[in-house]
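Residue numbers (our numbering): 89 to 187.
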């Protein structure tokens, strides 16, 4: 017996504002039923002695401390810019706001 019915798929399609043909309803019902079955199998395997995790491998902090390093001067950074204004990159206005 299918866990996901054709009527449930039609209801989900209406909620999602998707127009599905009759053959698509049957097709998606079968696909969603397979997905629900796969999730159920995973739930069966999950053991109480295994803590939930978001990653398969433990993560470590990959941040480094902030250090001052040599960098470009403002003149060097702006040297290739097509337009400069007040030591800044000049870009076209896109929001139409008044200055």
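The beta carbon of each residue, even a glycine, is placed where N, CA and C say it ideally should be.
Nothing here was measured: the structure is a model prediction, and the numbers come from that model.
Determine the direct distance from the alpha carbon of residue 127 to that of residue 133, and round the result to whole angstroms.
Rounded to whole angstroms, residue 133 to residue 127 spans 10 angstroms at the Cα level.
Where residue 161 and residue 175 are concerned, what is the direct C-alpha to C-alpha distance, given to the nearest angstrom?
Each residue's Cα considered, the two are about 11 angstroms apart.
Shortest alpha-carbon distance to residue 120 belongs to which of 101, 170 and 141?
The shortest Cα separation from residue 120 among 101, 170 and 141 belongs to 101.
Of the choices 122, 130 and 93, whose alpha-carbon is the least far from that of residue 113?
Per the Cα distances, 93.
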